[in-house]
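Colleague: Heads up, the sequence shown is in the numbering used here, so the first residue is 6 and it goes up one at a time. Cβ atoms here follow ideal geometry from the backbone N, Cα and C, with glycine treated the same way. Please read all numbers here as calculations on a predicted model, not as lab measurements.
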Amino acid sequence: MKKKLTLIVTCVALVAAIAVGGTLAWFTDSKDVTNTVTFGNVKIDLTEPQFSQNNPSNTISNVAPGQTITKDPTIKNTGNNPCWIRVKIDATLDGKPVDLAFKNDVANDPNNDKVYTDMEKGNWEKRADGYFYWKSRLDSNGELKVFNEATIPGKWDNDTAKGELKITVKAEALQATNNGNAYQEAKWPETVKPAS
6 MKKKLTLIVT CVALVAAIAV GGTLAWFTDS KDVTNTVTFG NVKIDLTEPQ
56 FSQNNPSNTI SNVAPGQTIT KDPTIKNTGN NPCWIRVKID ATLDGKPVDL
106 AFKNDVANDP NNDKVYTDME KGNWEKRADG YFYWKSRLDS NGELKVFNEA
156 TIPGKWDNDT AKGELKITVK AEALQATNNG NAYQEAKWPE TVKPAS
């Protein structure tokens, strides 16, 4: 008798569960939400507007020791995001490295044998890695003139001055958003790849 009662109670419970479950299956709903995320970018252009206009061949001839030449590397942020900027300036005389200096460090030194620029020392920091770091963010569409001119050392004589001087400026940009509140905090990778 107990087995019959247990069987009946189990059957009733099973029928009730199926009925409730079937009813619940009718009350369902589903919704999807799709969000589109677009990314900004970091991209710069490096030009020398005045130098290129005055020297279409990218060469200056008949320069004398002590002469100041127009050289105006200008960086423009053509990307959507603000960025940190660093530049590397290499000078070589007949393939051998030549020291570079800030104008206000050596301009009045008669024994100066370094090529110097009018780069604003207060706005740039030269670090041990050889790069000059701009101390402010460069906003989208912002423009930054690295320097306006370079001066050949007056101490160079005929032997030094008969060579070929090359000044190369390499500019690099790194996203500023979520990458430090000040230029010293920015995390620069070992290699900066050009934007495509």
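Evaluate L19 with the Cβ neighbour count: other Cβ atoms within 10 Å of its Cβ, from every protein chain shown; 16 or more gives buried, anything less gives exposed.
Modeller: Position 14 of the sequence shown, counting from 1, holds the residue named residue 19. Under this definition L19 is an exposed residue.
Colleague: Would you kindly work out how many angstroms separate the C-alpha atoms of K119 and I157, rounded to a whole number?
Modeller: The residue labelled residue 119 in the question sits at position 114 within the sequence shown. The residue labelled residue 157 in the question sits at position 152 within the sequence shown. So the alpha carbons of these two residues sit roughly 8 angstroms apart.
Colleague: Could you check where the alpha helix (DSSP H) with N59 kicks off and where it finishes?
Modeller: By 1-based counting over the sequence shown, the position of residue 59 is 54. Looking at the DSSP string, the run of the alpha helix (DSSP H) that includes N59 is 54 to 59.
Colleague: To the nearest angstrom, how far is the alpha carbon of N186 from that of C88?
Modeller: For the purposes of this step, residue 186 is taken as residue 181 along the sequence shown, with counting starting at 1. For the purposes of this step, residue 88 is taken as residue 83 along the sequence shown, with counting starting at 1. If you take the alpha carbons of N186 and C88, they lie about 11 angstroms apart.
Colleague: Are the CB atoms of S145 and N82 within a distance shorter than 8 angstroms?
Modeller: For this step, residue 82 is matched to residue 77 along the sequence shown. For this step, residue 145 is matched to residue 140 along the sequence shown. Yes, the Cβ-Cβ distance between N82 and S145 is below 8 angstroms.
Colleague: For a quick check, are the C-beta atoms of N63 and Q180 less than 8 angstroms apart?
Modeller: Position 58 of the sequence shown, counted from the start, is the residue given in the question as residue 63. Position 175 of the sequence shown, counted from the start, is the residue given in the question as residue 180. No; because the gap between Cβ atoms is not below 8 angstroms, this pair is not in contact.
Colleague: Among all the DSSP beta bridges, which residues are the ones paired with W139?
Modeller: Counted from its first residue, the sequence shown places residue 139 at position 134. For W139, which the question treats as bridged, DSSP gives the partners W129.
Colleague: Does DSSP put Q180 in a helix, a strand or coil?
Modeller: Stepping through the sequence shown from its first residue, residue 180 is reached at position 175. Three-state result, Q180: strand.
Colleague: Please report the distance separating the alpha-carbon of N59 from that of E169.
Modeller: Translated into the one-based positions of the sequence shown, residue 59 becomes position 54. Translated into the one-based positions of the sequence shown, residue 169 becomes position 164. Answer to the nearest angstrom: the Cα atoms are 19 angstroms apart.
Colleague: Which runs of the alpha helix (DSSP H) at least 4 residues long sit entirely within the stretch 46 to 96? Give them in chain order.
Modeller: Qualifying alpha helix (DSSP H) stretches, in chain order: 54 to 59.
Colleague: What are the boundary residues of the beta strand (DSSP E) that includes A200?
Modeller: As a position in the sequence shown, residue 200 is number 195, starting the count at 1. Looking at the DSSP string, A200 is not in any beta strand (DSSP E), and its letter there is neither H nor E.
Colleague: If you reduce the DSSP assignment to three classes, tell me which class I13 lands in.
Modeller: Residue mapping note: residue 13 aligns to position 8 of the sequence shown, counting from 1. DSSP places I13 in helix when its eight states are reduced to three.
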